[in-house]
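Here the working numbering is used: the first residue of the sequence shown is 4, the next is one more, and so on. Read through the structure below, which is laid out as C-alpha cells, and then see the notes.
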Amino acid sequence: SCWLQPAGTERVVALATAIGAVLGVVAVWLVVWLPKGIDERLEQPAWTRLATRPVLLVGVGAALGAALGLLAPSGAELALGLVLLAVLLPAVAIDIAWRVVPDTLVAAGTIGALGVLAITRPEALVNHLVMALVVGGVALLVALVSRGGFGLGDVKLVAMFGVAIGAAVPIAVGIAFALAALVAVPVMLVRGRGATVPLVPFLAIGALVAVTGQFAGPALF
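Structure (C-alpha cells):
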C-alpha cells in the first residue's frame with residue numbers, strides 16, 4: 004500500500020499533492036458553513052476574508068501536501084500529517100477571519116488521528132492519549148492565566164496535536180510561539196499593545212513541521 008511506503012518518492016509526493024488539493028477544495032466549503040453555527044465568532048477586518056479564497060486554500064493545500072509527501076519519514080507520519088492538514092487548512096482560515104476554532108474540526112482531527120494510529124502504530128495509542136491529556140491540561144492553565152491571549156479553541160487544538168503527534172507537541176508549540184512572537188512584536192509597535200494576532204496559523208506551522216520529524220525524529224511519535 005502506498006500509505007506504508009517511505010515518503011519521498013515521486014509517486015508518494017504526487018499522491019500527497021493531489022490529496023492536499025482535494026482537502027483545499029473541502030476547506031472551501033467548510034470555511035463558509037462552519038462559522039455560521041458559532042455564536043462566539045468575532046467580526047474581523049474585511050481583508051481577512053482573503054484567507055478563505057478558494058484559489059488560496061486549494062493552492063496551499065496542494066503545496067503543503069507535496070511538502071508532507073517529500074519530508075515525512077514514513078507512511079504513518081504522512082497519513083498523520085494529512086489528517087492535520089485536513090483540519091488546519093480550514094481552521095487557519097476561520098481563525099484569521101473569525102477568531103474561532105470550530106469544535107467540529109478538532110473532533111474530526113482527533114478521530115482521524117486515532118484511526119491512523121490504530122492502523123499504523125497501535126502500540127503508541129496510549130502514549131498519544133496521555134500526551135493529549137497532559138498538553139491539554141497545560142494549555143488550559145495557560146489560557147486561564149493569559150486572560151484571552153490563548154483561547155479555549157487553541158487549548159482543544161493543542162490537545163488534538165497530542166493525539167496526532169504525541170511527544171512532538173512541545174516542538175510544535177515552541178515553533179508556534181517563536182513565530183507568533185516574531186509577528187506580534189512589530190504588530191504591537193504599529194497598532195499598540197492592545198493589538199492581537201491569530202495563533203492558529205502559527206500552531207498549524209508548528210504541528211506540520213513537527214509531524215515530519217525534522218527537529219525530532221519519528222522515535223518521538
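A virtual CB, placed ideally from N, CA and C, is assigned to each residue, including glycine.
Point to revise | Touching by the beta-carbon criterion (3+ pairs, under 8 Å), the segment 58-76 and the segment 9-26 | key: Under the Cβ criterion (8 Å, minimum of three pairs), the segment 58-76 counts as touching the segment 9-26.
Check your understanding: Which residue from 156, 189, 167, 161 puts its Cα closest to that of residue 177?
Key -> Along the sequence shown, one-based indexing puts residue 177 at 174. Among 156, 189, 167, 161, the Cα nearest to that of residue 177 belongs to 161.
Exercise for review: Have a look at residue 15 and residue 173 and give me their C-alpha separation to the nearest angstrom.
Suggested key: Numbered from its first residue, the sequence shown carries residue 15 at position 12. Numbered from its first residue, the sequence shown carries residue 173 at position 170. Computed Cα separation, rounded: 28 Å.
Point to revise | Cutoff 7 Å; reference residue 4; Cβ partners in own chain excluding five residues on either side | key: Here residue 4 corresponds to residue number 1 of the sequence shown, with the count starting at 1. With a pLDDT of 40 at residue 4, under the threshold of 50, the modelled position of this residue cannot be trusted; read the value that follows with caution. The beta carbon of residue 4 is closer than 7 Å to none in its chain, skipping five residues each way along the sequence.
Exercise for review: Report yes if the CB atom of residue 101 is closer than 9 Å to the CB atom of residue 56, and no otherwise.
Suggested key: Walking along the sequence shown from the start, residue 101 turns up at place 98. Walking along the sequence shown from the start, residue 56 turns up at place 53. Result no, Cβ atoms of residue 101 and residue 56 do not sit closer than 9 Å.
Check your understanding: In three-state terms, what does DSSP make of residue 208?
Key -> On the sequence shown, position 205 is the one that residue 208 refers to. Of the three classes helix, strand and coil, the one that applies to residue 208 here is helix, per DSSP.
Practice item. Tell me, please, whether the segment 76-83 touches the segment 92-109 by the rule of three or more beta-carbon pairs shorter than 8 Å. Key: These segments do not touch.
Practice item. Keeping to the same chain, check which residues put their C-beta closer than 6 Å to that of residue 94; ignore five residues upstream and five downstream. Key: Here residue 94 refers to the residue found at position 91 of the sequence shown. Closer than 6 Å at the Cβ level, and outside the excluded window around residue 94, lie 104, 108, 203.
Check your understanding: What separation, rounded to the nearest whole angstrom, lies between the Cα atoms of residue 150 and residue 143?
Key -> Sequence index remark: in the sequence shown, residue 150 carries index 147 (1-based). Sequence index remark: in the sequence shown, residue 143 carries index 140 (1-based). Spanning the two alpha carbons is a distance of roughly 11 Å.
Practice item. Below 8 Å CB to CB, which residues in the same chain sit around residue 37 once its five sequence neighbours on both sides are set aside? Key: By 1-based counting over the sequence shown, the position of residue 37 is 34. Closer than 8 Å at Cβ, skipping near neighbours: 93, 97, 105, 107, 108.
Practice item. With DSSP collapsed to three states, give me the class of residue 180. Key: Counted from its first residue, the sequence shown places residue 180 at position 177. Correct three-state label for residue 180: helix.
Practice item. Taking only the alpha-carbon atoms, compute the straight-line gap between residue 209 and residue 84 and give it to the nearest angstrom. Key: Here residue 209 refers to the residue found at position 206 of the sequence shown. Here residue 84 refers to the residue found at position 81 of the sequence shown. Going by C-alpha positions, residue 209 is about 12 Å away from residue 84.
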